[in-house]
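Trainee:
In the working numbering, the protein residues as written are 7 to 109.
#1: Just confirm the distance between the C-beta atoms of residue 24 and residue 96, as a whole number of angstroms; I'd bet it's less than 8 Å.
#2: Mapping DSSP to helix, strand and coil, what is residue 92?
#3: Go ahead and label residue 66 buried or exposed: buried means 16 or more other beta carbons lie within 10 angstroms of its beta carbon, across all protein chains shown.
#4: In its own chain, which residues sit with a C-beta less than 6 Å from the C-beta of residue 47, not counting the 5 before and 5 after it?
#5: Could you tell me which residues DSSP pairs with residue 36 in its beta bridges?
#6: Could you name the residues of the same chain whose beta carbon sits closer than 8 Å to that of residue 85, not counting the 5 residues immediately before and after it, in chain order?
#7: Excluding five sequence neighbours on each side, which residues of the same chain lie with their C-beta closer than 7 Å to the C-beta of residue 75?
#8: Spatial neighbours of residue 73 within its chain, please: CB distance less than 7 Å, with the 5 preceding and 5 following residues excluded, ordered by chain position.
#9: First and last residue of the alpha helix (DSSP H) that includes residue 45?
#10: Output needed for residue 108: all residues of its chain with C-beta closer than 6 Å, excluding positions within five of it in sequence on either side, in chain order.
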């Protein structure tokens, strides 16, 4: 008999390893990004112009967090470092190091 792959079990294992949210802080204010993005958000991210940094941040942060975030003075390098750390730590971007989901 062939083993059946359980999407729910695999998701639970990933979330146990990574947590529900990836957090960062700027000027003492905390923000949280989902460690797993809904397919609809990923599609909207892919449809953005590569130079639309604000659009990307709004989709990742959500409206309320984005409004707070945009009040801070951040550089393009700050955003780049933030996105790189998020991708690395959450395993969001293929080819990046991430927590293992195998035991």
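Built from N, CA and C at the ideal position, the CB exists for glycine as well.
Mentor: Short version:
#1: 6 Å
#2: In this structure, residue 92 counts as helix in the three-state DSSP scheme.
#3: When all chains shown are included, residue 66 counts as buried.
#4: 65
#5: Answer is 31, bridged to residue 36.
#6: 59 and 63
#7: 37, 63 and 67
#8: none
#9: First-last of the alpha helix (DSSP H) with residue 45: 45-53.
#10: Residue placement at residue 108 cannot be trusted, given a pLDDT of 43 that sits under 50; what the coordinates show is reported in the next sentence. Once the five neighbours on either side are set aside, residue 108 has no close Cβ partner at all.
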